[in-house]
Structure formats: structure tokens, C-alpha cells
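See structure below.
There are 2 protein chains.
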Amino acid sequence: MKTKRSERIGAMIRILTENPNTLYSYPIFCEMFGAAKSSISEDIASIKSIIEKFGLGQVETVAGAAGGVRFLQNISDEDAHKFLLEICDKLSKEERILPGDFVYTVDVLSNPKYVSKMSEILATKLRKLGADFVITVETKGIPVALMTAKNLGIPLVIARRDNKLSEGPVVTINYESGSSNRLQTMSVAKMAMSQGKKALVIDDFMKGGGTVKGICGIMKEFNVTIVGVGVIIATAEPEQKNISDYYSLITMDGIDKNHNIPILRPTQSLNITI
Amino acid sequence: MKTKRSERIGAMIRILTENPNTLYSYPIFCEMFGAAKSSISEDIASIKSIIEKFGLGQVETVAGAAGGVRFLQNISDEDAHKFLLEICDKLSKEERILPGDFVYTVDVLSNPKYVSKMSEILATKLRKLGADFVITVETKGIPVALMTAKNLGIPLVIARRDNKLSEGPVVTINYESGSSNRLQTMSVAKMAMSQGKKALVIDDFMKGGGTVKGICGIMKEFNVTIVGVGVIIATAEPEQKNISDYYSLITMDGIDKNHNIPILRPTQSLNITI
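Top to bottom, those sequences are chains A and B.
For the first sequence, the numbering used here gives the first residue as 1, with consecutive numbering after it.
For the second sequence, the numbering used here gives the first residue as 1, with consecutive numbering after it.
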């Protein structure tokens, strides 16, 4: 098949961006487009310049026999901040306040449109940690954890609250949930784990950090290292959480009792590089 | 900003494919690239030809004042079949058989790499139903439901097994689960629903169809119409399920007791157009 330059560039952009953080060797594209390696090299230089010029991400080339090219999410701090302000605004509504000063966030946290962008920020900020897989606990964190895993090109493991037949043999622990002060249970399938890997914890919400501490405990049983923790919303109080190192997109200061609205803001540390 | 043709094509492909089934008006691109509408029109004709030539999807233009261009997933029956054969092969392993003749599928059903492709097939086949949102029941179906919703450019609603504070007021029903023959509970947040919409049910697994029937029941409470049902794996037995119309990617015939492996195959009806 004879291909034009603009065709190759267009098709490669589609393929690379569909599978972020996944290395494609040049010979794959040479074969796909019936083009010489020198042409593909030039195409990839153009792709890199296009993607970066329009702020659509980052294209990385890796030299050598095992080398190739990959697309990486790379949202700017300015765009991230602007997007998070919109989300805070969307959530800061009186009708979202639930009994017990909970805030209704489920519609936003499971809408692919918003979740895509949140996980783009998480992937941009947490990619350097080099995790082998993402772990979350059911249920509300699953959408953002899945999309973050996709953006990082790694698998997702979901810890369950109950022990399910379909999980096979599991390791179970009890832990104290910071937000409900109740003893809770968490199980991870043995078949989902392999020893000595690096895990990135992603969840929707953190108050005391008990759930994340629970995940850390269960990962220890598998000899897995937690390389980082990312959450969408963390509460400002308690300042001292069960874990010290985490990255949050949004900070929740509580409920404004005068105006009866939740107070949320993009987390100040957004531009801190981990 | 002065832009070249190949730059505009590359950048537009990234933007359009990132948000499938989302209409972009031409003036958005005219402004973004400082180009005349006639240039953008030509670019889009090229994009359509590139995407379709390499089997990367479909590009649809809509004429008129409210018109524009959108990208649609469009995997061929041949590619879908080939991919599903791989998945069946991956799952047809002795070590995946669990007590009670369950099959361990969780690793595959939560791996973004596989889930992306499965939801690409579901979106291709079920897009014409014109759903306003996707609904699933926690937990294992959430990844594929989320990605299908993303591919269709619509929101996801997750029904919960337990009544959670964070969901706000809910509607709850009891239903009989086909696979466990137990009475189960399902709740949907009132704030996640609006009257008179069209829902597409997506789940990971169907045996008797009790869970899907439960979803249909709860949707009726909200005056929501179920326009279709898509699942990853459906069991061949019982042939008579609680719902008659559904679309499955893979059929599970049971366990081969001689070779001690699960028997799975791409569903024959794959190329039936709904």
C-alpha cells in the first residue's frame, strides 16, 4: 500500500495516542505503511512537533534496538488548574450537600468526560513514579483509576469490600475507615498479584487516609511497594492523615454554613513535581 | 498562529478521536488553527479518508448550522472476531477454574488494554440505539461500562449493591440473581437520573439475566427506557434468560470436564446488525 506523508502522520497519531505510554518500534510502522525507516523517522519528528505545539501531550523517542516511540499525556499546569476550577464550581452547589456533610460527587466522578481529564492530570503528575499497576478499592474510585491506568499503559487491580467467589483465593484485611470510623474489610485476589511489583494507589476521596493505609497493608502481604497515592478530592481536615505522602487534585475545606455550599478548591501543590 | 496542513490534520485527529461521538463545529477548528472554513473542510475530507483507509474508525460530517464533524469507533467484524478469539484463548485455561465452576476473568475485565477493545466493539454495535447514558451494576462491569460510555460520548450511571450515604436519596429494589439464586438489592441515586431518558445496560457477565432484569425494573421507576443490553460474557445455558434481547461478545458453554478447561467462543451473532 502506497501512503502519503500526511496519511502516515494522521494514522500514527491515532495509533500512538490511543495507547499512551506504550512503546511502538519503528519497524511496526514501516511495515504498516510500506515506508522506509528514514521516512518514518521524519514523520515521527513531525508528529512530536505537532503534538507539542498544540499542547496535546508529549511524544518521546527511545533510541536503540529495543527503542521506538510513545505518546505521553502532558497537560499543562494552567490547563489543569482551569479544568479543576470548573469541577470545583460544579460541585460547590447547595443541592449537593447530603446528610452528614457528605457532598454528592458521583455524577462527576463517573462521567467519562470529566474522568478522562482528571486521569490525564494524574498520569502527567504521577507517571515518573514508574508504577507497574494501579490499585483502587471499589466503587467510586474505579472510573478514575481505570483511566489513569490506561493513560499509564498499565493494568488495574480492584480491591473488593466483600469476598467474592469470582475472585478466587484472596488475601483479606480489616482496617479502620477514616471517614466512617468503622472497621471495614478489603480483599485482593491472589491471582491479580505478583511479588515485588510497584503499585500506584488511585482513589476518589480521602479524609483520614484509612482506606489507603489499608491498601498499603494488604500490598505488604504481596511484597508490593506503594510508589505513590493519587486522589481526586482530599479533605483539608484532619491535616494529619494516616499517610503522609499523597497527591490530590482538589481540596475540600468543608461546608460553608452561612451560604450552605461545599467549599472546594484546586489543591495548591498542583505544580509541585513529584 | 500560522499552521500547515499536516499540522492541522494531525492535531484534529488527536482532538476528534479523544472524544468519540462528540460533534465539533468547524468554527472551533477555524479559530484554533487560524484557517479559513474552506481549508478546514478540505482537512476534514482528508481526515475522513485517512481514518477509514487504515481501519481506525469512521468520521461523520453533519451539514447545516448546528453541524460539524465527529469521530466514531468502527471496528470491523473481522478484527473484532480475531480479538475475541484471543480473549477466549486467554480465558480457556485450567488455572482459571474456580470452585462452583466460576471462571477467573477479573484480570482481563479490568485491564484497560483489553477493556478498550471490548468497549470499541460494543460502541460500534450498539451506537445506533441512541442511548442517553450507560448503566451498570457494581463492580466487575464498571471498567467496560465506563469505556463504552466514553466511546459513545455519554455519561455512566453505576447502580450500587448497598445503600451508601454518598449517593443521596436512592430508589432501591430487590431482585433474584440468576447466577446465585439469591435475593439481592440494587440502588440508584435519584440525583443521577432524569425522567424519560434512554439507557443502555452494559455488564460483564450474564447467566440467568436476573441482574439485567433488576436494572430494567429500577429504570421503570424513573420512567427510563432500556434501549439495549450489552455484556462481555453470556452463558449458553440457560438458553431462556430473564431478558430476551441482548448482545454478548463471548459465549461460555461451560467447563470441559475431560480437559478441565472453560469453553468460550466469540458469540456467533457478532455480525448481526442491531
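From the three backbone atoms N, C-alpha and C, an ideal C-beta is built for every residue, glycine too.
* Any idea if Ala-66 of chain A is buried or exposed, counting beta-carbon neighbours within 10 angstroms, 16 or more meaning buried? -> exposed
* Asked: Closer than 9 Å, Cβ to any Cβ of chain A: which residues of the region 90-118 of chain B, in chain order?
  -> Glu-95, Arg-96, Leu-98, Pro-99, Gly-100, Phe-102, Val-103, Tyr-104, Thr-105, Val-106, Asp-107, Ser-110, Asn-111, Pro-112, Lys-113, Val-115, Ser-116
* Can Asp-203 of chain A and Gly-130 of chain A be called in contact, C-beta distance under 8 Å? -> no
* Inter-residue Cα distance where the pair is Lys-37 of chain A and Ile-51 of chain B -> 22 Å
* Rounded C-beta distance between Glu-138 of chain B and Glu-31 of chain A? I'm assuming under 8 Å. -> At roughly 42 Å, the Cβ-Cβ gap does not stay under 8 Å, so Glu-138 of chain B and Glu-31 of chain A are not in contact.
* Would you identify the three-state DSSP class for Gly-67 of chain B, choosing helix, strand or coil? => coil
* Consult DSSP for Leu-56 of chain A and reduce its assignment to one of helix, strand or coil. => Looking at Leu-56 of chain A - three-state DSSP - the assignment turns out to be coil, as it is neither helix nor strand.
* Specify, as a first and last residue, the run of the beta strand (DSSP E) that Leu-200 of chain A falls within. => 198-206
* Asked: Once you ignore the five residues that flank Thr-273 of chain A on each side, which residues in its own chain have a CB closer than 7 Å to its CB?
  -> With a pLDDT of only 47 at Thr-273 of chain A, under 50, the local geometry of the prediction cannot be trusted, and no value is derived from it.
* For Asp-245 of chain A, does the count of other Cβ atoms within 10 angstroms reach 16, so buried, or fall short, so exposed? -> exposed
* Asked: Do we get a CB-CB distance below 8 Å when we pair Arg-279 of chain B with the residues of chain A?
  -> Limits of chain B in this structure are 1 at one end and 274 at the other, which puts residue 279 of chain B out of reach.
* For chain A, find out if any of its Cβ atoms is closer than 8 Å to the Cβ of Ile-272 of chain B; answer yes or no. => Below a pLDDT of 50, predicted positions are generally treated as unreliable, and Ile-272 of chain B, at 46, falls in that range; the measurement from the model is reported next regardless. Not an interface residue.
* To do: Using the Cα positions of Thr-17 of chain A and Leu-183 of chain A, report the straight-line distance between them to the nearest angstrom.
  => One C-alpha to the other measures close to 42 Å.
* To do: Verify whether the separation of the beta carbon atoms of Arg-161 of chain A and Asn-21 of chain A is less than 8 Å.
  => no
* Partners in chain B for Ile-87 of chain A, counting only beta-carbon separations shorter than 7 Å -> Residues of chain B passing the Cβ test: none, with the nearest at roughly 15 Å.
* Under 8 Å between beta-carbons, which chain A residues line up against Glu-60 of chain B? List them in chain order, please. => Within chain A, no residue comes near Glu-60 of chain B; the closest Cβ sits about 16 Å away, beyond 8 Å.
* Asked: Which one or two residues does DSSP pair with Leu-264 of chain A in a beta bridge?
  -> A:Met-252
* Can you pull the chain A residues whose beta carbon is under 7 Å from the beta carbon of Ser-46 of chain B, in chain order? => Those within 7 Å of Ser-46 of chain B in chain A are Ser-6.
* Taking only the alpha-carbon atoms, compute the straight-line gap between Asn-271 of chain A and Asp-77 of chain A and give it to the nearest angstrom. => Caution is warranted here: a pLDDT of 44 is assigned to Asn-271 of chain A, below 50, making its placement in the model unreliable, and no coordinate value can be reported.
* Delimiting residues of the beta strand (DSSP E) encompassing Met-186 of chain A -> Run containing Met-186 of chain A: 183-189, per the beta strand (DSSP E) assignment.
* the region 204-213 of chain A / the region 231-242 of chain A touching (three or more Cβ pairs under 8 Å) -> yes
* Asked: Ile-158 of chain B bridges to which residues according to DSSP?
  -> B:Thr-136
* Asked: By DSSP, does Ile-97 of chain A sit in helix, in strand, or in coil?
  -> strand
* Verify whether the separation of the beta carbon atoms of Met-12 of chain B and Asp-107 of chain A is less than 8 Å. => Against a cut-off of 8 Å, the Cβ pair of Asp-107 of chain A and Met-12 of chain B comes out as no contact.
* To do: Count the other C-beta atoms from every protein chain shown that fall within 10 angstroms of the C-beta of Glu-221 of chain B, then say buried if there are 16 or more, exposed otherwise.
  => exposed
* Asked: Residues of chain B with a CB under 8 Å from the CB of Thr-139 of chain A: which are they?
  -> Correct list: Glu-138, Thr-139, Ile-142, Ile-158, Arg-160.
* Asked: Sorted by chain position, which residues of the same chain lie with C-beta nearer than 6 Å to Val-69 of chain A's C-beta, five sequence neighbours on each side aside?
  -> Tyr-24, Ile-44, Thr-61
* Asked: So, using beta-carbon positions, are Ile-135 of chain A and Ile-215 of chain A closer together than 8 Å?
  -> yes
* Asked: Would you say Arg-14 of chain B faces chain A, with C-beta separation under 8 Å as the test?
  -> yes
* Asked: What does DSSP give as the partner residues of Glu-7 of chain A in its beta bridges?
  -> As computed with DSSP, Glu-7 of chain A is found in no beta bridge at all.
* Asked: Would you call Thr-211 of chain B buried or exposed, if buried means 16 or more other Cβ atoms sit within 10 Å of its Cβ?
  -> Buried, because 16 or more other Cβ atoms sit within 10 Å of the Cβ of Thr-211 of chain B.
* Exposure of Gln-195 of chain A, with buried meaning 16 or more beta-carbon neighbours within 10 Å -> exposed
* CB contact below 8 Å: Leu-146 of chain B versus chain A -> yes
* If we count the other Cβ atoms within 10 Å of its Cβ and call it buried at 16 or more, is Leu-156 of chain A buried or exposed? -> buried
* Asked: Along the chain, where does the beta strand (DSSP E) that runs through Ala-234 of chain B open and close?
  -> 225-235
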